[in-house]
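Add 62 to the 1-based position in the sequence shown for the numbering used here, that's all there is to it. The beta carbon of each residue, even a glycine, is placed where N, CA and C say it ideally should be. As the structure is a computational prediction, the values presented were derived from the model and not from experiment.
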Amino acid sequence: MPRAEKENSTHKKKKAADDRQRRAVLGSRNRSQRSQEEDGTSTDGKDDRIRELEAALASEKAGRASEKARRVSEKQRRKAAEQLLERAVSPEPQQDTTPDKIPQKDDLSEVTMEELKELTGMSPSRWCSMRTFGRHRLHAGNLNQALSWKKQDTYALGVIARAITDKFPELERFENSWATYRVMKQSWDNIKNYSGAKERPDTYVGRKAVERRRRRSASPRPRRSSQTSRRTRSPSASSSRLGSGSPVPSSSTTRSTTRSTTRRRLVDDDGEEEKEEEEEDELEDEDDSNDDDDDDMVAPAAAGGKAAAQ
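In structure tokens, the structure reads:
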């Protein structure tokens, strides 16, 4: 084949291939355009349907919310009406005017008497009266001094605490009467400490007790005359007792009665010794005068008894 024909055939083949490629590109473009047009039409229809459904759902939700709000408001109004009716039928409860209870401390041993005094709100004189009254009740309770505080009879301690609280209502504010028991224990410790220190000469209280005994043994007190002793007695009372034939109390009974009425003053928290020597001196004078009176009254009493018998 000649060279010119070969080149011509090659050119034709190349041109035909380019035409086929061009037609393929145009066909693909047309198909894509048609598909895009079709897709756009369907998408617009779907969007409209979704918007309609969303609008219907929103309106339904709004209706449900309004119905719920209406039910809640109706329920609240009904409840308020019931409360008003109950208040109108039943009277209002009276307010408790009693003061709040003072709770018990964790460690009562750390509570000082000064803190208790501030909590009770007592004046100094009333506080001292309460302490003295409590000591007297402890003496009258006949507690066993050989035992510790925890081993004492709980019933006896309760009776003493009740008597102190009844006498001083300020102590009722304390829960379970813990302040009353704290004061009682402090007084009990003071009683035991004083009783033990009085028997030990190495302590201040023991030295003072030894000095008093030595002074009394060295210089006995003079006896009072019977006339001076009788001045303190009521003549009508003594004559009525002697005339009725009643027995004359013995000297030992009179001495024990006099001593039981005079309580020892104890050592307070500040360490001061509250027991005074003049109190014991007056006690001894009363005992001596009672002995003289008993000796003078024995003979008249016996004579009166014989006369009554005759």
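- Annotation for K167: no alpha helix (DSSP H) segment contains it, and DSSP assigns it neither H nor E.
- Distances from the CA of Q214 to each of Y243, R188, F230 were compared; the closest alpha carbon is that of Y243.
- As computed with DSSP, F236 is found in a beta bridge with I164.
- Within 10 angstroms of the beta-carbon of T182 lie 16 or more other beta-carbons, which makes it buried.
- Taking a cut-off of 8 Å on C-beta distances, the segment 188 to 201 touches the segment 228 to 248, as three or more cross pairs fall below it.
- Judged by DSSP secondary structure, G196 falls within the alpha helix (DSSP H) whose first and last residues are 186 to 202.
- The beta carbon of E234 lies closer than 8 Å to those of T227 in the same chain, with the five residues before and after it left out.
- Counting only the Cα atoms, R197 lies some 58 Å from L147.
- The alpha-carbon of A143 is positioned some 20 Å away from that of K130.
- DSSP, reduced to helix, strand and coil, places P231 within a helical segment of the structure shown.
- When rounded, the separation of the alpha-carbon atoms in K167 and Q207 is 27 Å.
- The alpha-carbon separation between A225 and L219 amounts to approximately 10 Å.
- Look at E261 here: in three-state DSSP terms it is coil, with no helix or strand label.
- Between the alpha carbons of I253 and D169 lies a distance of about 22 Å.
- Per DSSP, S281 lies in no alpha helix (DSSP H) segment and is marked neither H nor E.
- At a Cβ-Cβ threshold of 8 Å, W211 and W240 do not count as neighbours.
- Rounded to whole angstroms, the gap between the alpha carbons of I222 and K247 is 12 Å.
- The three-state secondary structure of D215, taken from DSSP, is coil.
- Sixteen is the threshold: when 16 or more other Cβ atoms of the shown chains lie within 10 Å of the Cβ of V245, as they do, the residue is buried.
- A straight-line Cα-Cα distance of about 43 Å links S185 and S279.
- One alpha carbon belongs to R133, the other to A127, and they sit about 10 Å apart.
- With contacts defined as CB atoms closer than 8 Å, I164 and E273 fail to qualify as a contacting pair.
- By the 16-neighbour rule on beta-carbons within 10 angstroms, A271 is buried.
- Taking C-beta separations shorter than 7 Å and ignoring five residues to either side along the sequence, the partners of G268 in its chain run A259, K260, E261, R262, following chain order.
- The alpha-carbon separation between G125 and R140 amounts to approximately 23 Å.
- Under the DSSP assignment, T182 falls in the alpha helix (DSSP H) whose first and last residues are 175 to 182.
- Taking R199 as the centre and dropping the five residues before and after it, the same chain places the C-beta of I222, A225, I226 closer than 7 Å to its C-beta, in chain order.
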